[in-house]
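S.K.: Just so we're aligned: 664 in our numbering is position 60 of the sequence shown, and the numbers increase by one with no gaps anywhere.
Can you read through this structure? Questions will come right after.
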Amino acid sequence: MEKFPHLKNEQVALLRADINTGIVLDKDYIYATTEVQEVYTVFDNIDSAIKFAKSIISERNDIECGIYGNDPVAFLTLTRDNIDSY
605 MEKFPHLKNE QVALLRADIN TGIVLDKDYI YATTEVQEVY TVFDNIDSAI KFAKSIISER
665 NDIECGIYGN DPVAFLTLTR DNIDSY
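Rendered as structure tokens:
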């Protein structure tokens, strides 16, 4: 799997996963099995990441999105069950 990106200032990284299995997905929603697959999308701020995550989940409710800061531990996870909270 792709290495965690180096983030600057207020940047965050978004990671997609299959909501039923937790398996990480690449940017094309394919199971991430190689290091060359892009699994992180970097945004300049959290609001942009949340907006993007909402658009993904609205189209595909089988996906969950984790949003990460400088620490590779998700500080926010958006799913079909909590999307309206953000």
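No residue lacks a Cβ here, since even glycine has one placed at the ideal position from N, Cα and C.
Buried or exposed, going by whether 16 or more other CB atoms sit within 10 Å of the CB of Gly-626?
M.R.: exposed
S.K.: Short of 8 Å in beta carbon distance, which residues of its chain neighbour Pro-676, apart from the five on each side in sequence? Order them along the chain.
M.R.: Phe-608
S.K.: Across which residues does DSSP place Gly-673 in a beta bridge pair?
M.R.: DSSP lists no partner for Gly-673.
S.K.: Nearest-angstrom Cα distance between Asn-674 and Ala-617?
M.R.: 9 Å
S.K.: Span of the alpha helix (DSSP H) holding Ala-657?
M.R.: 650-663 is the span of the alpha helix (DSSP H), which, as asked, contains Ala-657.
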